[in-house]
Amino acid sequence: TFCAIPSFRGKQRSRAPINIRTEIEQLASNGVGEVVLVAQDLAAYGRDLDSPGDITDLLRFVTDVEGLRRLRLYYLYPREIRPGLIEEMASNPVIVDYFDLSLQHATGHLLRAMKRPGDGAQYLDLIERIRDVAPAAATRSSFIVGFPGETDDDVEELAEFVRAARLDWAGFFPYSAEEGTPAAVLPDQIDAEVKAERLRYLHEIQEEITTAANADQVGTVTEVLIDQVEDGVAVGRSYRQAPEIDGVIVLDSGAPGEWVTAEITAAYGTDLEATVKA
46 TFCAIPSFRG KQRSRAPINI RTEIEQLASN GVGEVVLVAQ DLAAYGRDLD
96 SPGDITDLLR FVTDVEGLRR LRLYYLYPRE IRPGLIEEMA SNPVIVDYFD
146 LSLQHATGHL LRAMKRPGDG AQYLDLIERI RDVAPAAATR SSFIVGFPGE
196 TDDDVEELAE FVRAARLDWA GFFPYSAEEG TPAAVLPDQI DAEVKAERLR
246 YLHEIQEEIT TAANADQVGT VTEVLIDQVE DGVAVGRSYR QAPEIDGVIV
296 LDSGAPGEWV TAEITAAYGT DLEATVKA
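Quick note on numbering: the sequence shown equals residues 46 to 323 in the numbering used here.
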């Protein structure tokens, strides 16, 4: 009810598997080692196709492309995440253990108003199931703050969810009334100042969680893709970090596009420092 994208793009349409594989082959042949799959609801891929197959079948079909080192998935709606998808992501060496969950909130009545099934308890159960299968998985989500009708109690319920979920990464965004969407005409719209205060509160909670999660990485050894080098300083990412939205790893050496094995030596908030191992 809050998103205007379906109004001008229409319902989600799944591309043919062979078209996706062909594009990945082209990217990999040009030296692209990490590819991101993204959709309005990636976990629902294939439901609209005449041929049988779902997101898990697609992943098995594309991950043997020569030169593809990492496949990352964006925007997985909780209701569409089946055990088979979790198991495939955990066991397939090309797919990163990075679960980008499209949660939006944790309060049942607000999720229903958003036309999103589920609630905080169900989401915590999903996160627990993911970690049971993939203990080292990184988790991320985004949340809307200030949706019409949101109360202080709702914010506290979301805060308790954030504390319990301990997502590695989370973004919080103020609700914005998009013209033509059902939510734009709902009563009990929230003042901008109230939204800003709620955002600060939730950001502070998540910042502490992310900082602690990063600190736990110190001393570990991981594979890093170098994204850029500036003034002799290399910047890259492990499987735990998506491009542009998560933190980065600063290294003592490396060239753009290079894959290196590195030991994490320090954590600074959202970012890490590492030394390349010979």
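Yeah, the Cβ is synthetic: ideal placement off N, Cα and C, and Gly gets one too.
{"Asked": "Below 7 Å between beta carbons: does that hold for Val293 and Asp316?", "Found": "yes"}
{"Asked": "According to DSSP, simplified to helix, strand and coil, what is Pro232?", "Found": "coil"}
{"Asked": "Alpha carbon to alpha carbon, what distance is there between Pro232 and Ile69?", "Found": "46 Å"}
{"Asked": "Rounding to the nearest angstrom, what Cα-Cα distance links Gln273 and Ala260 in this structure?", "Found": "23 Å"}
{"Asked": "Please classify Tyr313: does DSSP put it in a helix, a strand, or coil?", "Found": "strand"}
{"Asked": "Which residues in the same chain have their Cβ closer than 8 Å to the Cβ of Tyr168, if we skip the five residues on either side of it in sequence?", "Found": "Pro123, Leu146, Leu148, Ala151, Phe206 and Ala210"}
{"Asked": "Comparing C-alpha positions only, which one of Arg115, Leu87 and Phe192 sits nearest to Arg127?", "Found": "Leu87"}
{"Asked": "Could you check whether Pro227 and Val190 sit closer than 7 Å to each other, using their CB atoms as the reference points?", "Found": "no"}
{"Asked": "In the structure shown, what three-state DSSP assignment does Arg243 receive?", "Found": "helix"}
{"Asked": "Within this structure, are the beta carbons of Tyr90 and Leu103 separated by less than 7 Å?", "Found": "yes"}
{"Asked": "For Lys240, count neighbouring C-beta atoms within 10 Å of its own C-beta (all shown protein chains included) and say buried if the count is 16 or more, exposed if not.", "Found": "buried"}
{"Asked": "What are the complete alpha helix (DSSP H) segments, minimum 4 residues, inside the region 52-80?", "Found": "62-74"}
{"Asked": "I need the boundaries of the beta strand (DSSP E) containing Arg157, first residue and last residue.", "Found": "From DSSP, Arg157 is part of no beta strand (DSSP E) but of the alpha helix (DSSP H) over Gly153 to Ala158."}
{"Asked": "Expressed to the nearest angstrom, what Euclidean distance is found between the alpha-carbon atoms of Gly98 and Glu133?", "Found": "14 Å"}
{"Asked": "Take Val83 as the anchor and find which of Val263, Arg117 and Asp213 has the nearest alpha-carbon.", "Found": "Arg117"}
{"Asked": "Report the rounded CA-to-CA distance for Arg105 versus Thr196, giving the unit in angstroms.", "Found": "44 Å"}
{"Asked": "I'd like to confirm something about Gly129: is its beta-carbon nearer than 6 Å to some heavy atom of the ligand HEM, or not?", "Found": "The model on display carries no ligand, and the ligand HEM is accordingly not part of it."}
{"Asked": "So, using beta-carbon positions, are Ala181 and Tyr143 closer together than 7 Å?", "Found": "no"}
{"Asked": "With 16 other CB atoms within 10 Å as the buried threshold, where does Asp291 fall?", "Found": "buried"}
{"Asked": "Verify whether the separation of the beta carbon atoms of Ala222 and Ala215 is less than 7 Å.", "Found": "no"}
{"Asked": "Please name the residue, chosen from Arg208, Val141, Ser187 and Ala61, that lies closest to Ile254 on a Cα-to-Cα basis.", "Found": "Arg208"}
{"Asked": "At which residue ranges does the region 179-231 contain complete alpha helix (DSSP H) runs of 4 or more residues, listed in the order of the chain?", "Found": "197-210"}
{"Asked": "With a Cβ-Cβ cutoff of 7 Å, do Ser298 and Val321 count as a contact?", "Found": "yes"}
{"Asked": "Using the three-state DSSP reduction, which class does Leu113 fall into: helix, strand or coil?", "Found": "coil"}
{"Asked": "Over what stretch of residues does the alpha helix (DSSP H) that includes Gly129 continue unbroken?", "Found": "Pro128 to Ser136"}
{"Asked": "Could you check what DSSP says for Tyr143 in three-state terms: helix, strand or coil?", "Found": "strand"}
{"Asked": "Is Ile131 closer than 7 Å to Val178 when the C-beta atoms are compared?", "Found": "yes"}
{"Asked": "Report the residue from Val110, Ser187, Glu202 and Ile65 whose alpha carbon sits nearest the alpha carbon of Tyr120.", "Found": "Ser187"}
{"Asked": "May I ask which residues mark the beginning and end of the beta strand (DSSP E) holding Arg105?", "Found": "That residue, Arg105, is in no beta strand (DSSP E); its alpha helix (DSSP H) goes Ile100 to Val107."}
{"Asked": "Give the straight-line distance between the Cα atoms of Arg66 and Arg60, rounded to the nearest whole angstrom.", "Found": "10 Å"}
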